[in-house]
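Below is one structure, written out as structure tokens; comments come after it.
2 protein chains.
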Amino acid sequence: MRALAHPAHDEIELDAVLSALADPVRRRIVHQLATGHDDQACIAFDLPVTKSTSTHHFRVLREAGVIRQHYQGTAKLSTLRADDLETRFPGLLPAILTATAAEKADLEKAGTEKIGTEKADL
Amino acid sequence: MRALAHPAHDEIELDAVLSALADPVRRRIVHQLATGHDDQACIAFDLPVTKSTSTHHFRVLREAGVIRQHYQGTAKLSTLRADDLETRFPGLLPAILTATAAEKADLEKAGTEKIGTEKADL
DNA sequence: ATGGTTGTACGACGGTTTTCGTACTACGGT
DNA sequence: ACCGTAGTACGAAAACCGTCGTACAACCAT
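Structural data, given as structure tokens:
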């Protein structure tokens, strides 16, 4: 059994959490963990990156205290630390999940409604 | 009068907002804007960085849609776009502000309670 | 007009992050 | 014992980010 370091619930730092969640790939992981069932293996995530990059992202999330990971055979199962996060930073995770969903819906709507229309300026 | 680009309220992107708020200096700015009065000049923020770095951070916040800025003479006044953010990503800003305050209190408590005590591991 | 205040532009530097590929380990099944 | 699957470690490359200093622009007061 390989050991995995996790910060205690009161050691979770806002900086680490926000940095972790600022990345779209990692937000995608978190979103899938939130909407799907618990304990999903890394392989279950269809990420647009290679295996080693994927390992990296999961590690960042774990070390930030966003997810908990444990081995089960060769598989490494991940769970959202929703309760710990809620205790430490109330409302933060739900707000980000809502925002992620909102933006996703937004992009899909834009995609179906006005195909070929571009934003002019930044 | 110099013009300043701001994203429209429905152009605010989650990625930009989270990236902007992932930086402690910028979170400090936002926190001061939230707790103090509106329309504070950059100079009113006692930031641990030089002027040019400060300019940079304000620009990042503005381009992310977190703050609104306008000139008044040589001064550049900043306001939190709390309403726009609330419309776009409900609960996000309040949660981050609460979290910022929570962590700040935490650090101060740690500082007064156990001076000289260090964290052993990461 | 001259000078002071407030902020910007630009280039540079150093550190971190994201990404990859390759080689490797751990475990389960047959 | 062997193979396949799941994931890690490590090193490298490229991009990005935060910081600074210097030089500059805009504006106000006198």
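Heads up: the sequence lines are chains A and B, in that order.
Mapped onto my numbering, the consecutive letters of the first sequence carry residue numbers 1 to 122.
Mapped onto my numbering, the consecutive letters of the second sequence carry residue numbers 1001 to 1122.
Just so it is clear, CB atoms sit at the ideal spot from N, CA and C, and this is done for glycine as well.
| Item | Value |
| --- | --- |
| Residue range of the alpha helix (DSSP H) that A:His56 falls in? | 51-64 |
| Going by C-alpha distance, which of B:Leu1093, B:Thr1087, B:Val1030, B:Lys1109 is nearest B:Val1060? | B:Val1030 |
| Are B:Ala1020 and B:Ala1064 touching if we call contact CB-CB under 8 angstroms? | yes |
| Counting C-beta neighbours from all protein chains within 10 Å, is the total for A:Asp84 16 or more, i.e. buried, or is it exposed? | buried |
| Taking B:Val1025 as the reference, give the member of B:Gly1073, B:Pro1090, B:Arg1081, B:Lys1051 with the closest Cα. | B:Lys1051 |
| Going by alpha carbons, who is nearest to A:Asp39 out of A:Val17, A:Thr53, A:His57, A:Arg81? | A:Arg81 |
| Need the endpoints of the alpha helix (DSSP H) that A:Leu4 sits in, please. | Here A:Leu4 belongs to no alpha helix (DSSP H), and DSSP marks it neither H nor E. |
| Using a Cβ cut-off of 9 angstroms, pull out every chain A residue sitting near B:Gly1073, in sequence order please. | Near B:Gly1073 there are no residues of chain A at all, since even the closest Cβ is about 27 angstroms away, more than 9 angstroms. |
| Going straight from the alpha carbon of A:Phe58 to that of B:Ala1003, what length do you get? | 42 angstroms |
| So, for B:Lys1119: in the same chain, excluding its five sequence neighbours on each side, which residues have a beta-carbon less than 6 angstroms away from its beta-carbon? | Because B:Lys1119 carries a pLDDT of 46, less than 50, the predicted location of this residue cannot be relied on, and the following value inherits that uncertainty. Result list for B:Lys1119: empty, nothing under 6 angstroms. |
| Decide yes or no for the touch test of the stretch 1087-1094 of chain B against the stretch 91-101 of chain A: beta carbon pairs closer than 8 angstroms, at least 3 of them. | yes |
| Under the DSSP definition of a beta bridge, which residues are partnered with B:Gln1069? | B:Ser1078 |
| Do A:Arg62 and A:His9 have their C-beta atoms within less than 8 angstroms of each other? | no |
| Specify, as a first and last residue, the run of the alpha helix (DSSP H) that A:Ile29 falls within. | 24-35 |
| Any C-beta of chain B within less than 9 angstroms: which residues of the stretch 88-111 of chain A qualify? | Arg88, Phe89, Pro90, Gly91, Leu92, Leu93, Pro94, Ala95, Ile96, Thr98, Ala99, Thr100, Ala102, Glu103, Asp106 |
| Give the range of the alpha helix (DSSP H) segment to which B:Thr1020 is assigned. | Before going on, a small fix: residue 1020 of chain B reads as Ala here, not Thr. First-last of the alpha helix (DSSP H) with B:Ala1020: 1014-1021. |
| Count the other CB atoms, across all protein chains shown, that sit within 10 Å of the CB of B:Glu1108; report buried if there are 16 or more and exposed otherwise. | exposed |
| Can you tell me whether B:Val1066 is buried or exposed? The criterion is at least 16 other CB atoms within 10 Å of its CB, across all chains shown. | buried |
| Exposed or buried, which one is B:Leu1018 when buried takes at least 16 other CB atoms within 10 Å? | buried |
| Could you work out which residue in B:Arg1028, B:Glu1011, B:Asp1015, B:Asp1046 is closest to B:Ala1099 when comparing CA atoms only? | B:Arg1028 |
| Around the Cβ of A:Glu11, are there at least 16 other Cβ atoms within 10 angstroms (buried) or fewer (exposed)? | exposed |
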